[in-house]
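For reference, each letter of the sequence shown is one residue, going 317 to 470 in this note's numbering.
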Amino acid sequence: MTAEVLLLLGCPQIPVQSPIALYIADFINDLGKTLVLAANPSAKQLIAASDPKKYYIKEYRDVDRTISDLADGKVSYPLIISLIHNDAGLTYTATAAALAPKSVMITILFGEHAYDLSQEIEFPAEKVVAPVTHNTKPLLAKIDEVLEWAALKI
């Protein structure tokens, strides 16, 4: 069975990324939806260390392998959520959006360049933007609102 939600993570340089990822996973789990986290090794390790019993994240995938599998049609996800704080994260997200045009795409942009990065998005996506690095609070209410809307579409 293909999962219903893909959560894409890149480099874990910005501290808010890990708690936001776990927050999203908790939200998706409460909906009874299946979530897969695709991440680079560092981001995966931080999340796995924060969730050693796999309470929030049950399935991990390598982000490059996931992009390849999307390209080959081996996987599909009705909802893709991407956490972006740099150009690499934007590139992965744009690639996923191009490979999965029927997916609902949510982009969560954070870090000091969040607004600049959001202006570079040229693919259909719901944007949640806040230039935060340590404080998750400015993102949480916006994330809840968007996830509630997106959950109705999957």
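Backbone N, C-alpha and C fix where the C-beta goes; we use that ideal spot for every residue, glycine too.
These numbers were taken from a predicted model, which means no experiment stands behind them.
Asked: C-alpha gap between proline 454 and isoleucine 330, whole angstroms; Found: 15 Å
Asked: Same chain, Cβ closer than 8 Å to valine 448, five either side skipped, listed in chain order; Found: Val332, Phe426, Gly427, Ala430, Pro454, Leu455
Asked: Boundaries of the beta strand (DSSP E) in which leucine 353 is found, first to last residue; Found: 351-355
Asked: Cα-Cα separation between valine 352 and isoleucine 437, rounded to whole angstroms; Found: 23 Å
Asked: Counterpart residues of isoleucine 422 in DSSP-defined beta bridges; Found: Ile397, Glu442
Asked: Residue from Glu464, Val462, Ile400 with nearest C-alpha to alanine 355; Found: Ile400
Asked: Neighbourhood of serine 398 by C-beta, 6 Å cutoff - its chain only, sequence neighbours within 5 removed; Found: Leu324, Thr409, Thr423
Asked: For aspartate 378: DSSP bridge partner residues; Found: Ala355
Asked: Cross-strand partners of leucine 322 (DSSP beta bridge); Found: Val352, Ile396
Asked: Whether alanine 337 touches isoleucine 363 by CB criterion (7 Å); Found: yes
Asked: Glutamate 442 versus proline 368: straight-line alpha-carbon distance, rounded; Found: 31 Å
Asked: Range covered by the alpha helix (DSSP H) that runs through isoleucine 340; Found: 333-346
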